[in-house]
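Scroll down for the structure; my scribbles are underneath it.
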Amino acid sequence: RKHMNKDPAMKRLTDNAFVFLVQDLSKDDPFLLYATLASGSNAKFVSLDLMRQNKNLIQDNNLRKLFHQWQMTHQYLFSVNNKAQTFRLQEPQKYDFNVQNT
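Dropping the structure here:
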């Protein structure tokens, strides 16, 4: 969102990646999810949002689990250290972990 431009660490991020910021009041989750899905199976997205609100809208339990599995293998999480003006990316899971039933 646009208010993130105020964060000093954003300069380093925008110097190293294409960044598209939406308006602060927009509902950006559907846009982010659509853009990621439309960009192909290897596309990833960066967000602090765990998308709980979106997951809770999915009524079908199997579809909700599928969304969660997709999210865990496509979402980069990040943290910002304002003092050091740095950020750290946490990569998505490389593998999908499922308990096997017999």
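Numbering (the UniProt record's numbering), first residue to last: 1 to 102.
The beta-carbon is built from N, C-alpha and C at its ideal position, and this holds for glycine as well.
*Can you give, in chain order, each stretch of the alpha helix (DSSP H) that sits fully within the UniProt domain "PRORP" (5-102) and has at least 4 residues?*
9-16, 28-38, 52-57 and 61-74
*Can you give the beta carbon distance from L48 to F78, rounded, assuming they're within the 8 Å contact cut?*
One-based indexing of the sequence shown puts residue 48 at position 48. One-based indexing of the sequence shown puts residue 78 at position 78. Yes, L48 and F78 are in contact; Cβ-Cβ is about 7 Å, under 8 Å.
*Buried or exposed: which applies to Q71, given that a residue is buried once 16 or more other Cβ atoms fall within 10 Å of its Cβ?*
Here residue 71 corresponds to residue number 71 of the sequence shown, with the count starting at 1. Answer is buried; the Cβ neighbour count reaches 16.
*Go ahead and label L32 buried or exposed: buried means 16 or more other beta carbons lie within 10 angstroms of its beta carbon, across all protein chains shown.*
Position 32 of the sequence shown, counting from 1, holds the residue named residue 32. It counts as buried.
*Expressed to the nearest angstrom, what Euclidean distance is found between the alpha-carbon atoms of F87 and T14?*
Here the question's residue 87 lines up with position 87 in the sequence shown. Here the question's residue 14 lines up with position 14 in the sequence shown. Approximately 12 Å, taken between the alpha carbons.
*Alpha carbon to alpha carbon, how far is Q85 from A9?*
The sequence position of residue 85 within the sequence shown is 85, counting from 1. The sequence position of residue 9 within the sequence shown is 9, counting from 1. Taking the straight line from one Cα to the other gives about 5 Å.
*Inspect the beta-carbon positions of I58 and R52 and report whether they are closer than 8 Å.*
For the purposes of this step, residue 58 is taken as the residue at position 58 of the sequence shown. For the purposes of this step, residue 52 is taken as the residue at position 52 of the sequence shown. Going by C-beta atoms, I58 is not nearer than 8 Å to R52.
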